[in-house]
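Undergrad: What follows is a single structure, and I will ask about it in a moment.
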Amino acid sequence: MSKFSWNKLNKPFFVMAPMDGITSSPFRRVVKRCGADVVFSEMIAAEAVYYKSKKTLAMMNFHEEERPYIVQIFGKDTEKMVGAVQYIEKEVKPDGIDINMGCPAKKVVSGGRGSALLLDPEKAVEIVRTVRSATKLPLSVKTRIGWEKFNIQPLVKEFENAGIDALTIHGRTKTQGFAGEPDLDALKEIKKLVKIPVIGNGGINSVEDAQKMLSFTGCDGIMVARGALGNPWIFKSLHFLRHSGSVQNLDYKPNFEEIRNLALLHLQMNIEEFGPKKGIFDMRKHYGWYFKGFPGASELRKKLVLAETKNEIRSIIEKMG
Ligand SMILES: Cc1cc2nc3c(=O)[nH]c(=O)nc-3n(C[C@H](O)[C@H](O)[C@H](O)COP(=O)(O)O)c2cc1C
């Protein structure tokens with residue numbers, strides 16, 4: 078049984094966000110090696126776990142070095158969510174379960190899942206209560222500050238009363254999607270409202286962003302999402318913040334060799350995890366992120382996207398820099 082507890086993490090702590098299509102096991106190992114304290118799976122359809130979809134079950138595979146590792150589920154049907162959570166606890170054995178109540182994607186919202194639960198607070202609380210009683214694993218919820226405006230306060234309080242162990246708040250409404258500044262006033266108010274650890278999320282792309290969010294809101298931890306794409310070293314930078322507390326030019330800037338080595342390691346792990354075809358294909362989106370801003374980056378990316386074997390990719394990357 079995992080000993081993980083959100084309460085026992087050193088503060089402030091730094092978490093890699095769940096990201097659909099991105100936070101696979103190899104990516105999680107990359108960010109973990111760069112210093113992420115906790116990593117999340119991609120969002121996992123509870124219903125697909127309930128029906129034992131092979132593809133979905135495989136998405137939850139992980140390596141011991143990823144711990145603490147949290148599986149995030151989404152769904153609406155309480156019974157199927159309970160079935161999924163019981164399966165995950167017994168067979169996957171992660172360090173915690175998270176319920177997604179923030180995803181704005183049409184395919185998720187149209188089924189009454191993700192951020193749609195903000196429009197049905199009774200259902201949202203019923204899900205949290207029932208899932209809470211079905212598992213001993215630490216349980217958290219990731220949500221937004223509201224659907225159209227900041228009004229999540231009563232729901233957050235109910236989640237706490239229902240027994241969740243931590244709460245992640247993406248400081249934007251569903252309507253805002255992924256654009257605009259996170260609402261730090263809202264995060265501050267939520268942090269004051271509950272006793273459980275609150276993790277702030279939204280717009281963290283540098284140590285300065287994190288320091289601003291932490292000092293203004295009092296949040297216990299920070300969750301990084303897009304800011305870690307091509308820059309998993311952001312976690313290394315954030316640790317400087319934990320140790321020194323100040324922020325003068327603390328963003329770690331890797332040189333080309335470090336980036337090249339990490340991109341090749343990521344590729345290698347991808348191939349081992351998914352086989353050469355999927356492993357190589359899945360890396361394509363990452364090259365643009367890793368090599369952004371370097372002279373010749375767009376040429377390099379074009380060549381890499383056409384390359385079909387590991388050796389081809391290695392020789393293209395090794396010729397650079
Ligand atoms: C491509 C992509 C996929 C995402 N997938 C998920 C997901 O599976 N579960 C979830 O809770 N949030 C998901 N998110 C939201 C992020 O976890 C995060 O809340 C959001 O991007 C705000 O943080 P940021 O401004 O630092 O990127 C996703 C975001 C992006 C851009």
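According to the working numbering, the residues represented by the sequence shown are 78 to 398, in order.
Glycine residues also receive a C-beta, built at the ideal position from the N, C-alpha and C atoms.
#1: Using three-state DSSP, classify THR245 as helix, strand or coil.
#2: Can you list, in chain order, the residues of its chain whose CB lies under 7 Å from that of ALA239, leaving out five sequence neighbours each side?
#3: Let me make sure I understand the geometry here. Which of SER217, GLN288, GLU237 and GLU199 has the alpha-carbon closest to that of LYS269?
#4: Answer with buried or exposed for GLU124, where buried requires no fewer than 16 other C-beta atoms within 10 angstroms of its C-beta.
#5: Rounded C-beta distance between CYS111 and LYS313? I'm assuming under 8 Å.
#6: Are there three or more Cβ pairs, one per stretch, closer than 8 Å when the stretch 347-360 is compared with the stretch 301-315?
#7: Output needed for ILE273: all residues of its chain with C-beta closer than 7 Å, excluding positions within five of it in sequence on either side, in chain order.
#8: GLY365 to LEU383, Cα distance in whole Å?
#9: Got a sec, what are the start and stop residues for the alpha helix (DSSP H) PHE236 sits in?
#10: Just to confirm, does ASN138 get its C-beta within under 7 Å of one of the non-hydrogen atoms of ligand 1?
#11: Count the C-beta pairs between the stretch 140-151 and the stretch 174-191 that are closer than 8 Å, then say yes if the count reaches three, no if not.
#12: Are three or more beta carbon pairs between the stretch 160-167 and the stretch 188-197 nearer than 8 Å?
#13: Would you give the residue range spanned by the beta strand (DSSP E) that TYR329 belongs to?
#14: By DSSP, does VAL161 sit in helix, in strand, or in coil?
#15: Classify ASN332 as buried or exposed, calling it buried when 16 or more other Cβ atoms lie within 10 Å of its own Cβ.
#16: How would you label ARG361, buried or exposed, when you count the other beta carbons within 10 angstroms and need 16 or more for buried?
#17: Going by DSSP, what residue range makes up the beta strand (DSSP E) through LYS219?
#18: Relative to the alpha-carbon of GLY352, which residue among PRO103, PHE227, LYS109 and THR250 has its alpha-carbon at the smallest distance?
#19: Is it buried or exposed, LEU196, if we count other Cβ atoms within 10 angstroms and call 16 or more buried?
#20: Kindly examine ligand 1 and report whether one of its heavy atoms sits closer than 7 Å to the Cβ of LYS219.
#21: How about PHE91 and LEU315: are their beta carbons less than 8 Å apart?
#22: With DSSP collapsed to three states, give me the class of MET93.
#23: Quick check: the Cα distance between LYS387 and ILE357, rounded to an integer number of angstroms?
#24: Quick check on SER101: does DSSP put it in helix, strand or coil?
#25: What do you get for LYS330, buried or exposed, if any count of 16 or more other CB atoms within 10 angstroms of its CB means buried?
#26: Shorter than 7 Å, the distance from the beta carbon of MET397 to the closest heavy atom of ligand 1, or not?
#27: Using DSSP with H/G/I as helix, E/B as strand and the rest coil, what is GLN345?
#28: Assuming GLY277 and CYS296 are in contact, meaning their beta carbons sit under 8 Å apart, how far apart are those beta carbons, in whole angstroms?
#29: Rounding to the nearest angstrom, what Cα-Cα distance links CYS180 and LEU232 in this structure?
#30: Using a Cβ-based criterion (distance less than 7 Å to any ligand heavy atom), does ASP97 qualify as near ligand 3?
TA: According to the structure data:
#1: The count along the sequence shown starts at 1 and reaches residue 245 at position 168. Reduced to three states, the DSSP call for THR245 is strand.
#2: Here residue 239 is taken as the residue at index 162 of the sequence shown, counted from 1. Closer than 7 Å at the Cβ level, and outside the excluded window around ALA239, lie VAL202, VAL205, ARG206 and ARG209.
#3: The count along the sequence shown starts at 1 and reaches residue 269 at position 192. Measuring from the Cα of LYS269, the nearest candidate turns out to be GLU237.
#4: Translated into positions along the sequence shown, residue 124 becomes position 47. Flag for GLU124 reads buried.
#5: Here the question's residue 111 lines up with position 34 in the sequence shown. Here the question's residue 313 lines up with position 236 in the sequence shown. Right, the Cβ-Cβ distance comes to about 5 Å (below 8 Å), so this counts as a contact.
#6: no
#7: Taking the sequence shown and counting its residues from 1, one reaches residue 273 at position 196. Same-chain partners within the cutoff: GLU237, ILE241, ASP242, ALA243 and LEU244.
#8: Mapped onto the sequence shown, residue 365 falls at position 288. Mapped onto the sequence shown, residue 383 falls at position 306. Roughly 13 Å between the two C-alpha positions.
#9: Stepping through the sequence shown from its first residue, residue 236 is reached at position 159. For PHE236, the enclosing alpha helix (DSSP H) stretches over residues 230-238.
#10: One-based indexing of the sequence shown puts residue 138 at position 61. Not so, every heavy atom of ligand 1 lies at least 7 Å from the Cβ.
#11: yes
#12: no
#13: Here the question's residue 329 lines up with position 252 in the sequence shown. From DSSP, TYR329 is part of no beta strand (DSSP E); its letter is neither H nor E.
#14: Indexing the sequence shown from 1 puts residue 161 at position 84. It is Ala, not Val, that sits at residue 161 in the sequence shown. If DSSP states are grouped into helix, strand and coil, ALA161 belongs with the helices.
#15: Here residue 332 refers to the residue found at position 255 when the sequence shown is read from its first residue. By the Cβ neighbour-count rule, ASN332 is exposed, with fewer than 16 other Cβ atoms within 10 Å of its own.
#16: Along the sequence shown, read from residue 1 onward, the residue named residue 361 stands at position 284. With fewer than 16 other Cβ atoms within 10 Å, it is exposed.
#17: By 1-based counting over the sequence shown, the position of residue 219 is 142. 216-221 is the span of the beta strand (DSSP E), which, as asked, contains LYS219.
#18: In the sequence shown, the residue the question calls residue 352 occupies position 275. Residue PRO103 is the option with its Cα nearest to GLY352.
#19: Taking the sequence shown and counting its residues from 1, the one referred to as residue 196 is at position 119. With fewer than 16 other Cβ atoms within 10 Å, it is exposed.
#20: Position 142 of the sequence shown, counted from the start, is the residue given in the question as residue 219. Yes, since a heavy atom of ligand 1 falls inside the 7 Å radius drawn around the Cβ of LYS219.
#21: Locating residue 91 in the sequence shown gives position 14, where the first residue counts as 1. Locating residue 315 in the sequence shown gives position 238, where the first residue counts as 1. Taking 8 Å as the Cβ cut-off, PHE91 and LEU315 qualify as a contacting pair.
#22: Here residue 93 corresponds to residue number 16 of the sequence shown, with the count starting at 1. Strand.
#23: On the sequence shown, residue 387 is found 310 positions in, with the first residue counted as 1. On the sequence shown, residue 357 is found 280 positions in, with the first residue counted as 1. Answer to the nearest angstrom: the Cα atoms are 7 Å apart.
#24: Here the question's residue 101 lines up with position 24 in the sequence shown. Looking at SER101 - three-state DSSP - the assignment turns out to be coil, as it is neither helix nor strand.
#25: Along the sequence shown, one-based indexing puts residue 330 at 253. By the 10 Å Cβ count, LYS330 comes out exposed.
#26: Locating residue 397 in the sequence shown gives position 320, where the first residue counts as 1. Answer for MET397: no, Cβ out of range of ligand 1.
#27: Position 268 of the sequence shown holds residue 345. Three-state DSSP puts GLN345 in a helix.
#28: To locate residue 277, count along the sequence shown from 1; it is residue 200. To locate residue 296, count along the sequence shown from 1; it is residue 219. Indeed they touch by this definition, with Cβ atoms about 4 Å apart.
#29: Locating residue 180 in the sequence shown gives position 103, where the first residue counts as 1. Locating residue 232 in the sequence shown gives position 155, where the first residue counts as 1. Taking the straight line joining both Cα atoms gives about 17 Å.
#30: Looking at this structure, you won't find ligand 3 anywhere; what it does contain is ligand 1.
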